[in-house]
Structure formats: structure tokens, C-alpha cells
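Numbering (the working numbering), first residue to last: 6 to 338.
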């Protein structure tokens, strides 16, 4: 990551984290719910989506402070989805710490996610009002957040029931748009709304967020197969053993022989698969060109995103967003 981008992201991260700590200090939930609600939220993270909201607003000459409430709301929404996602997928760790449901159990974790979902709306409305932001802008922000949450829920079910809903590359892209790219899209759109973007500019922001979000998820797919464990914190082939339906898997199964499909299927969703079996499946997937295919697709979506971005006002903030897009494609975790 470029040093300038790193410093800018750190500035946003510090501001967002300070707001999250303030929110925590002002809440008085029962102890278990209180701890569960803020456990994952304050356990780290790069705050990529809030950064996108802030930088997009600044690209349209908005002040940093005006963009902070919707940026924090995006992070609250993101963590609401993560808590529930971890319950559904039975994931035990995230960001290097035990997941919420592992510590407090499913019922409390569900309530913690629901608390974040409720909190994001009360927070964004009260803080935007306090900053005397135009009421119509506040209404638009709430509408984008609520519709985005609805779309994300649909994408999560498509992912959870992938055998029923996702069997082709186009169906996968639709699922990824709903589950992952929607957060990037609404992050961009919220920044544009706060900054006063016109309708044409909003369409370019929509396109940018949609495409960079899809690229983000495809890169995640690659890292889930090929990422270095010391960097990603996950063992090689973790997505295969966990049964995650990815673009790589769809491509491999489509282009493999019957024998090859049996090799891949024997590892897919098999948490007891031996390392030698996982390595054999990965070698087959590599030989089929499935990982290279995914990398090409991720790059194409990143380039589409940048094409849309370059139709927006040219300034240092747009340059930062473009650097972020390149980082999303090139990252190793």
C-alpha cells in the first residue's frame, strides 16, 4: 500500500474508532449484550468502507466532519452483517479473535447484531441533525442504508443456500453484488449524497461501488485458496474445506473431467480433509486455470470501477479512491 494512502486510511480509521468508542461509552445495555455488541466492532479492521464514504464526500468538497456520521453508520451496518454471517457459517474466528456467537452463544449474538442494526439508524440521524445537515440528505442516507441492508440479507441467503441459487458464474456475480458489493456501493453513494453529487454523478458512484465490491470479493476467493497463511491468518485451501461457493470453484467444476470433479468434491465442505487431499484439489484447480481466471475477472471489475471513477471530479480525493481500488485488487489479505 502506498504510504500516502496508508496515512489517509489511518486518519479515517482513528476518527471512526473514536466515534465507535464514544457510542459504546454512551450505551447502557445489559452487560452480556453490551460486551457482545461491541466485541467485534472494536477488534480492529482497516475501515475500508468508511474511508470510501469520507473520501467520496470530500471529492465533492464536503467537510470531513459532515461525512463522519454516514461513514460510521456504514461500519455499524458492516459489523451487523458480520455477526450474523458468522452465526450462519459457524465461523469461530474473525480478525484474530473468537466470533461473537462462540463467546456469548447464538441468542445473544443475534441480539447484538440486531442492536447494531438499530443503533446505526438512530446514530446517523441524530449526528447528521446535530451537524445541521439538510433533512432531505438525512432521509436519503437512511433510505440507502435500509435498502442496502435488505439487499445484503438476500445475498446472504443466496450464499447460504448456494446449491439452490448459485451454480453459474452470472449467478455468483449476482450473489456477490448483493452480499458484498452492496456495502461498497452504498459507501460511495452516501459520500456522494453528503457531498451534493448530481444524478449523473450518482450513477457513476453506483457503478464504481458495485464493480470494486465485486472485485474485492473475487480477490477474497483467490486468497481463500492461495493466500499465504502467515498473511491471511487462514490455512491454505480454507475456503474449499469450509464449503464456500466461489467463482474459482464454479469455473473448476465447469471445466474439469468427471474424475477431477470427484477430487474437488471430496474436499469441498470436508473439514476433515487431509492436507495432501487439499493440495491435490488445489493443484487440479490451478491446472484448470481457475485461479488465473478469477484474477482476470477481479482485474476487469477493478478496471470498470476506475473507468466510472474517472468520470467524477478530478482532485486529490479521487486520486485516493483510485489508489484504494488498486489496493483492493492487489492486497494479500
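C-beta atoms are modelled at their ideal positions from N, C-alpha and C, and glycine is treated no differently.
A quick note: this is a predicted structure, and the numbers were derived from the prediction, not measured.
Under 7 Å between C-beta atoms of residue i and residue j
i           : j           : result
residue 253 : residue 226 : yes
residue 279 : residue 246 : no
residue 218 : residue 251 : no
residue 105 : residue 41  : yes
residue 76  : residue 125 : no
residue 163 : residue 220 : no
residue 153 : residue 191 : yes
Cβ-Cβ separation, residue j to residue i (assumed contact under 8 Å), whole Å
i           : j           : result
residue 65  : residue 202 : 6 Å
residue 145 : residue 230 : Not a contact, Cβ separation roughly 39 Å.
residue 214 : residue 287 : The pair is not a contact, with the Cβ atoms about 32 Å apart (cut-off 8 Å).
residue 216 : residue 325 : At roughly 18 Å, the Cβ-Cβ gap does not stay under 8 Å, so residue 216 and residue 325 are not in contact.
Given residue i as reference, the closest of the options once Cα atoms are compared
i           : options               : result
residue 27  : 185, 14 and 43        : 43
residue 72  : 80, 81, 60 and 82     : 60
residue 5   : 206, 228, 193 and 196 : Absent from the structure is residue 5, since the part of the chain shown begins at 6 and ends at 338.
residue 222 : 292, 335 and 121      : 335
residue 129 : 190, 155 and 195      : 195
residue 111 : 94, 122 and 125       : 94
residue 176 : 255, 148 and 243      : 255
residue 97  : 107, 89 and 90        : 107
residue 57  : 74, 181, 169 and 46   : 74
residue 261 : 174, 290, 92 and 137  : 290
residue 80  : 263, 311 and 189      : 189
residue 180 : 134, 282 and 166      : 166
residue 136 : 103, 70, 301 and 294  : 70
CA-to-CA distance, residue j to residue i, given in whole angstroms
i           : j           : result
residue 338 : residue 332 : 11 Å
residue 328 : residue 142 : 28 Å
residue 318 : residue 53  : 21 Å
residue 156 : residue 122 : 14 Å
residue 182 : residue 160 : 8 Å
residue 309 : residue 116 : 38 Å
residue 14  : residue 51  : 8 Å
residue 82  : residue 296 : 31 Å
residue 32  : residue 22  : 16 Å
residue 208 : residue 68  : 22 Å
Strand pairing of residue i, partner residues [DSSP]
i           : result
residue 213 : In DSSP, residue 213 forms no bridge with anything.
residue 99  : 102
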